[in-house]
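The structure appears right after this line, and notes come after that.
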Amino acid sequence: MDLWFLVFVPLTIVIVISISWTHSRGAPWVPTFMKTVHKMLTMADVGPNDVVYDLGCGDGRTIITAARRYGARSVGIEIDPLRYLWCQMLITILGLRGQVKIVYGDFFNQDLSAATVVTCYLLQSTNERLQGKLMQELHPSARVVSNDFTFPRLQLHRQDTKEKIYLYHPVPAK
Ligand SMILES: C[S@@+](CC[C@H](N)C(=O)[O-])C[C@H]1O[C@@H](n2cnc3c(N)ncnc32)[C@H](O)[C@@H]1O
């Protein structure tokens, strides 16, 4: 067996397990384009008074951008241990530990009530499971921004149909 095989096979197995496991918990890791991250944060009018929660923060791009470019405090919740560690490393290197917090775990089991803005890029079925929790825990004036997928029971405030970005308030749709 050559070295390439010894590296490639275990790596492929780890990647396949990671994708299917995170998919079953909410969504596999697919990063949001940076252009879309900015559109989401701009659409939600994120500023220094905000606390932005990214549900499934992946490589941390949304929470880091919210802190560095928009002056917000931010919290990322991530269930994948490797991505959680990656985010911890990144915020430490960038000196953002006072402004950005990473929580390891399942966002369905976390208290989201401190968020003024929630961002997410998940799956349609996950959004539908999540919408009751958002209505229960968030203040009605909070903003929820979703990339690609909708929250059919929440009140839609704005949308960019071309980019598929949807902005809601966590109250029942009229
Ligand atoms: C489509 S990616 C989006 C990543 C990031 N928010 C972005 O926009 O680039 C979804 C992320 O959610 C994480 N995830 C899936 N289910 C989760 C759960 N129940 N709790 C916490 N994180 C979860 C995955 O590990 C993955 O990193």
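Our numbering numbers the first residue of the sequence shown as 4 and each following residue consecutively.
The C-beta atom is built at its ideal place from N, Cα and C for all residues, glycine as well.
Since the model is a prediction, treat every value here as computed from it, not as a measurement.
Distance, Cα to Cα, residue i vs residue j?
| i | j | result |
| --- | --- | --- |
| R64 | D48 | 17 angstroms |
| G108 | P173 | 22 angstroms |
| I18 | K177 | 42 angstroms |
| P2 | T15 | Within the shown structure, residues of the chain are numbered from 4 to 177, placing residue 2 beyond reach of any answer. |
| H26 | E140 | 24 angstroms |
| T119 | S21 | 30 angstroms |
Going along the chain, which residues of its own chain have a beta-carbon closer than 7 angstroms to the beta-carbon of residue i, five neighbours each way excluded?
| i | result |
| --- | --- |
| Y87 | E81, I105, Y107 |
| L133 | none |
In its own chain, which residues sit with a C-beta less than 6 angstroms from the C-beta of residue i, not counting the 5 before and 5 after it?
| i | result |
| --- | --- |
| S23 | none |
| P155 | none |
| L93 | G63 |
| D163 | none |
Output needed for residue i: all residues of its chain with C-beta closer than 8 angstroms, excluding positions within five of it in sequence on either side, in chain order.
| i | result |
| --- | --- |
| E166 | T39, K42 |
| Q113 | I80, V106 |
| G74 | G50, P51 |
Checklist entry - Are the region 127 to 145 and the region 90 to 107 in contact at 8 angstroms, needing three or more beta carbon pairs? => result Touching, no, given that fewer than three Cβ pairs across the two stretches are closer than 8 angstroms.
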